[in-house]
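Shown next, in structure tokens, is the structure this report addresses.
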Amino acid sequence: MENLLHTIKHPIEGCAYLIYAGIFIRWRFPRAWNKLLDMIAAKELSR
0 MENLLHTIKH
10 PIEGCAYLIY
20 AGIFIRWRFP
30 RAWNKLLDMI
40 AAKELSR
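Numbering that gives the first Met the number 0 numbers the first residue of the sequence shown as 0 and each following residue consecutively.
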């Protein structure tokens, strides 16, 4: 894992890899993706 991180030369490149990983996970595991989004979503504020 450490060697993989050393190959990233620019922060934008690292962001692109995160986006690619997210797209892959969303495509391959849609239920898990939706569950993750539900877990990290902000809760509604009560008035």
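Glycine included, every Cβ here is placed at the ideal spot set by N, Cα and C.
Asked: May I ask whether a heavy atom of the ligand SAH can be found less than 6 Å away from the beta carbon of P10?; Found: Questions concerning the ligand SAH fall outside what the structure shown contains, since it holds no ligand whatsoever.
Asked: Please list the terminal residues of the continuous alpha helix (DSSP H) segment that includes K34.; Found: P29 to I39
Asked: Could you tell me the alpha carbon to alpha carbon distance between I7 and E43, rounded to whole angstroms?; Found: 38 Å
Asked: With the cut-off set at 7 Å, would you say I39 and W32 are in Cβ contact?; Found: no
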